[in-house]
Structure formats: C-alpha cells, structure tokens
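In this note's numbering, the protein residues as written are 388 to 664.
Using N, Cα and C, we set each Cβ at its ideal position, and we do this for glycine too.
So the structure is just underneath, and the comments pick up after that.
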Amino acid sequence: LALMKSTRTGLPVIADDHVAQSEGVRQFLSRVSPGSAVPEGMHWVYQPINVAATGELFGFEALCRWNVPGIGDVSPEIFIQIAEDMNLVQVIDFWAMAALERAYPELVKRGGQIITLNVSVQTLTNDHEFFNAVDRLLPKIKGARFSLVFELTETSIVKNQIDLSASLTGLRKRGAKIAIDDFGTGQTSLSTISSLPTDIVKLDGSLLQAERPDLSKGLLELGMSFARLVGAKVIVEKVETQADLDLAREVGAEYVQGWFFGQPVDLRVSPKETAPG
C-alpha cells in the first residue's frame, strides 16, 4: 500500500498504520460511483442534542461510521477527506440522505425535533441530484414536524463563496436550516461566515478545554455574541461532564451535545439489545 501511494504521488512514503488505512480506504472508494450501493460496514448513528436548561431531548446529529472490511473502524476525518480528494464525497452525502429518510420516523418517535447532517461544500456547489433528494425528503420531514439542518464545518467554507451562499439560500427556501459546525477552530474570517445564511452555530468542544475555566467561559461568550449578531441559536459540542453543562448554561447556550447525555444511537440495534445487563 505504501508503494502504491508512492507511485501515485511521486513521493517517498513510509509504511505505517495510517498509510495502510488511507490507501485501503482509497482502494475501496475507487470502486464507488454514482448509483453504487453503500459499502459494507458503512452506516449512520445519531448523537442526541439536548436542551441546555432542562436536559430534555431536542434532536440528533447524523454521524457516518465505517468499519472497513479487513481494515477496521476508520475515522470520518480520514475517509471523508479521501472521498473529497477523489470527488466522491457527493456519493456519501447522497447515501446519508437515504439513511436519514429511513431513520427519521424512529427519531421522531424518540422525541427528536431536528436532525442535523454534515454535508460537503463540494456537494452543495456541484450536485443537483443531492438537491433532488432534499426535495423528496423535506416534505416528509416537515409533515412530521421535524426540521432538517445541514451542517458545514467552519474550515470548509473557503472557496466559492458566491455559489455556496446561493446553495444555502436555496436550501433555506426549501425549508431546511443551516448550521456552522466546529465554530472557533477554523481560519475562516468572521465576515465570511456572517455573510452566509445561518440558523445554528455549533461551538466546538475544544473551547471547553481551555487552560483556565475563565478562558473557556470567555471564548464561549465570544461565540455566543457572534451567534446573536447573525440571529442564530447555539449548540455547545462535546459536553461530557456536569462542569461542561454548567458552563454552557452559564453563557446562555440554548442546546448542548455530547456524551454527558448519552452516546450515539445505532438504529441497527434494538433497544432490548442495548439495555444494560
């Protein structure tokens, strides 16, 4: 695999686990094309989002997971980046929409009011078929009084601002909402982000892990101020302790997301199978 990567890039490559994972994933994705079935081992789980003040369930974030045959669990940071490099991330986003169409009735039953889904800028600016899938799904979701939210990471908002803004405006006109994910970790200017239609700002969990509690609070308050300026609600990510929740409440965040309220729900497993004992 290291030799294959070296041949492909023209650069020397040292064989290690990361190279083995990356090149193995690349080999799997090289057999993917529009219309392909979801690869073996790829599925979606649903991380709860909770009301900060009360802890009650508010919604879910759809998260892609891939246990690659012969390789094992591969981080989305690895396989999504490879898919983008190979111009295949649109296919994964399309699969995610299909998974969500199957999952949302159960998520509604569990008390969810929204579902958030990461989507690539490549998809939003290039893939008309993805928008067709949105048009098919949104009426069903709105009929269930459920909101669909598309997330874009702060670092992904960098290239074609005009096309991206038009795409996001088109999604909003269809009835979807827009979230900026991982806010506080990227290098995108605030003026760039503020020019985009935004309904939710997700403050990255790293802001909770600053060296001093007062610094964490100050960074979260800056994010809250930005969200208020653009008229957006706030979700604080990676809330894993009571202290994290207390801080999110103190700065006035509307919602929180993290393992403090539970790990992602895998709908492939029945509640009986996941029950303790």
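Own chain, CB closer than 6 Å to arginine 413, minus 5 neighbours either side, in chain order
Here the set comprises Ile469.
Exposed unless 16 or more other CB atoms sit within 10 angstroms - verdict on alanine 440:
Answer is exposed; the Cβ neighbour count stays below 16.
Write down every uninterrupted run of the beta strand (DSSP E) in the stretch 463-489 whose length is 3 residues or greater and which is fully enclosed by it, in chain order.
List check, beta strand (DSSP E) in window: nothing returned.
Given a cut-off of 8 Å, decide if leucine 616 and proline 584 are closer than it, judged by their beta-carbon atoms.
For proline 584 and leucine 616, no; Cβs fall outside 8 Å.
Same chain, Cβ closer than 6 Å to phenylalanine 648, five either side skipped, listed in chain order
Cβ neighbours of phenylalanine 648 beyond the five flanking positions: Pro435, Asn437.
Inter-residue Cα distance where the pair is glutamate 488 and leucine 524:
For glutamate 488 and leucine 524, the distance between alpha carbons rounds to 7 Å.
Considering only residues of the same chain and omitting the five flanking positions on each side of serine 409, which have a CB-CB separation below 7 Å?
Same-chain partners within the cutoff: Ile465, Ile469.
Where the alpha helix (DSSP H) containing threonine 512 begins and where it ends
In the DSSP annotation of this structure, the continuous segment of the alpha helix (DSSP H) that includes threonine 512 starts and ends at 508-513.
Can you tell me whether arginine 452 is helix, strand or coil according to DSSP?
When DSSP states are grouped into helix, strand and coil, arginine 452 belongs to the strand group.
By a C-beta neighbour count over all protein chains shown, 10 Å radius and 16 as the cutoff for buried, is glutamate 598 buried or exposed?
Flag for glutamate 598 reads exposed.
Could you give the residue range of the alpha helix (DSSP H) that holds lysine 604?
From DSSP, the alpha helix (DSSP H) with lysine 604 extends over 600-616.
Distance CB(leucine 577)-CB(leucine 590) smaller than 8 Å
Not closer than 8 Å, so no.
In the DSSP assignment, find the alpha helix (DSSP H) that holds leucine 634 and state where it starts and stops.
Secondary structure note for leucine 634: its alpha helix (DSSP H) is the uninterrupted segment 629-638.
Bridge partners of isoleucine 505, per DSSP?
Contrary to the premise, residue 505 reads as asparagine rather than isoleucine in this sequence. DSSP lists Glu538 as partners of asparagine 505.
Are there 16 or more other CB atoms within 10 angstroms of the CB of asparagine 505, so buried, or fewer, so exposed?
Buried, since its Cβ has 16 or more Cβ neighbours within 10 Å.
Check whether lysine 564 and valine 536 have beta carbons under 8 Å apart
Their beta carbons are under 8 Å apart, which means lysine 564 touches valine 536 by this criterion.
Taking the straight line between their C-alpha atoms, what separation do you get for glutamine 644 and threonine 628?
Distance between the alpha carbons of glutamine 644 and threonine 628 is about 11 Å.
Does DSSP put isoleucine 458 in a helix, in a strand, or in coil?
Look at isoleucine 458 here: in three-state DSSP terms it is coil, with no helix or strand label.
For a test of the three-state rule: what should DSSP assign to glycine 411, helix, strand or coil?
Correct three-state label for glycine 411: helix.
Within 8 Å, strictly: CB atoms of aspartate 514 and glutamine 477:
Taking 8 Å as the Cβ cut-off, aspartate 514 and glutamine 477 qualify as a contacting pair.
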